[in-house]
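One structure is given here, and the rest of the page talks about it.
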Amino acid sequence: MSTSIQPRRHIAAAAALAAALAVGITATAPLDTAEAQPAAAANAAAAASWPTVKSGHRGADVTTVQLLLNARGYSLKADGVFGSGTAAKVKSFQKAKGLTADGIVGPNTWSKLIVTVRTGSKGNAVKALQLQLTHNGYTTNADGAFGARTAEKVRAFQKAKGLKADGIAGPNTWAALVRGGGGSGGGSGPVTLKFDKGTNTNSRLYVLKGGKVIASYRAGSGVTTNECTTAKGWLPTATYSIGGHWKNYNGSLIKGYAIRLADKRCNNGTGTLRTELFIHSEMTSSGGQGSTEQRRWDGVGDYKSNGCIKLHPNDIKSLFKVLDKNGWPKSLSVVN
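Numbered according to mature numbering (1 follows the signal peptide of the UniProt record, and there is no 0), the sequence shown spans residues -29 to -1, 1 to 307.
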């Protein structure tokens, strides 16, 4: 899209002035080792889409508010319940920031509350980020330490949302995470799955809603790129019908969380018929971790499979939550 140089200069100058003014009014630094992000740097369109969180609400967005309040020095329990104690802390924060002290977390409060975090950051703001990543389908351990795995998940989320994939969680990334609402972001329309083959142990499974990515997971398939090799080749490139799904499947090889895929011939439908195809993990029939290697996830080597799509145990559980919320797909496309 073409844009004249003069408006660009005006926009850049306005942004620079707003950022400079914001530095002067940001007086309270967060207690955590994370950098406070001036509200003026937030994208105006994104700010307008922030969800409203208020008394009586429960869930991940409430926990996020509570963790960010802790990061800002307003100590309270992060239990995911927006009660009178949380409302009081929100009002105190709003008053300190010159906002209407109504105890309701809307766009203006969100833009003041969020904290920019990046590799090396630690504390409650990082925990809030990790929680939101997980609830958007990018499963991350909420340990409060922004390490390599968290950075990887942030970049993957940013790429899926069309943001600059720099691994830094600033205003636009926070807005996209919270708008996602635990995996419900994206457009309206049918839910589908797409498996993008990278390598046998480092490919990616995407959940799309209305053609827009709402979640993605690292995945593996097979131990060779020859899709006609029975029980070893990765999943043939094709579109698959999706059958049933279970949380306690008890097959001879596949157990626990499992999604059945239709049988498919390799080599554009002319080769070997591949059967017993699933999206699954390594777990027991109850969905837990067992004592034997086949029933226990030990590390990245376990992304190897007999030709199915294999996810980390936490990721397949997250996938089920996303699909339970958004609707179960009827098809999976496998692409190179």
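The beta-carbon is built from N, C-alpha and C at its ideal position, and this holds for glycine as well. Note that the structure is predicted; figures quoted are calculated from it, not measured.
Asked: For the region 118 to 137 and the region 263 to 283, state whether three or more C-beta atom pairs, one from each stretch, are separated by less than 8 Å.; Found: no
Asked: Excluding the 5 residues preceding and the 5 following serine 302 in the sequence, name in chain order all residues of the same chain whose CB lies nearer than 8 Å to its CB.; Found: Thr163, Leu164, Thr210, Tyr211, Ser212 and Ile213
Asked: Tell me the DSSP secondary structure of aspartate 114 in three-state form.; Found: coil
Asked: Using only the alpha-carbon positions, how far apart do glycine 118 and valine 88 sit?; Found: 11 Å
Asked: Quick one: residues in its chain with C-beta nearer than 8 Å to the C-beta of arginine 120, no 5 flanking neighbours on either side, listed in chain order?; Found: Thr111 and Asn112
Asked: Between serine 55 and the rest of its own chain, which residues show a CB-CB distance below 6 Å, the 5 nearest in sequence each way excluded?; Found: none
Asked: Can you check which of these residues, Ser304, Thr71, Gly91 and Trp145, is closest to leucine 102 by C-alpha distance?; Found: Trp145
Asked: If you count every other CB in all the chains shown that lies within 10 Å of the CB of glutamate 264, and 16 or more means buried, which is it?; Found: exposed
Asked: Please work out which residues of its chain come closer than 8 Å, Cβ to Cβ, to serine 192, disregarding the five sequence neighbours upstream and downstream, and give them in chain order.; Found: Phe166, Lys168, Asn171, Ser174, Trp205, Leu206, Ser276, Gly278, Cys279, Ile280 and Lys281
Asked: Tell me which same chain residues have a C-beta within less than 8 Å of the C-beta of serine 252, skipping the five on either side of it?; Found: Gly227, Tyr228, Trp268, Lys281, Leu282, His283, Pro284, Asp286 and Ile287
Asked: What residue does the beta strand (DSSP E) around tryptophan 217 start on, and which one ends it?; Found: 209 to 221
Asked: Taking only runs that begin and end inside the region 122 to 180, name each unbroken beta strand (DSSP E) of 3 or more residues, in chain order.; Found: 162 to 170 and 173 to 180
Asked: Tell me the DSSP secondary structure of serine 256 in three-state form.; Found: coil
Asked: Would you mind stating whether threonine 195 and lysine 203 have Cβ atoms separated by less than 8 Å?; Found: yes
Asked: With lysine 183 as the anchor, note down where its beta strand (DSSP E) starts and where it stops.; Found: 183 to 190
Asked: Taking the alpha helix (DSSP H) that serine 63 belongs to, which residues open and close that run?; Found: 55 to 67
Asked: Taking 8 Å as the cut-off, does the region 90 to 99 touch the region 71 to 78 (at least 3 CB pairs, one atom from each stretch)?; Found: no
Asked: Keeping to the same chain, check which residues put their C-beta closer than 6 Å to that of alanine 18; ignore five residues upstream and five downstream.; Found: Model confidence at alanine 18 stands at a pLDDT of 44, short of 50, so the residue's coordinates are unreliable and nothing is read from them.
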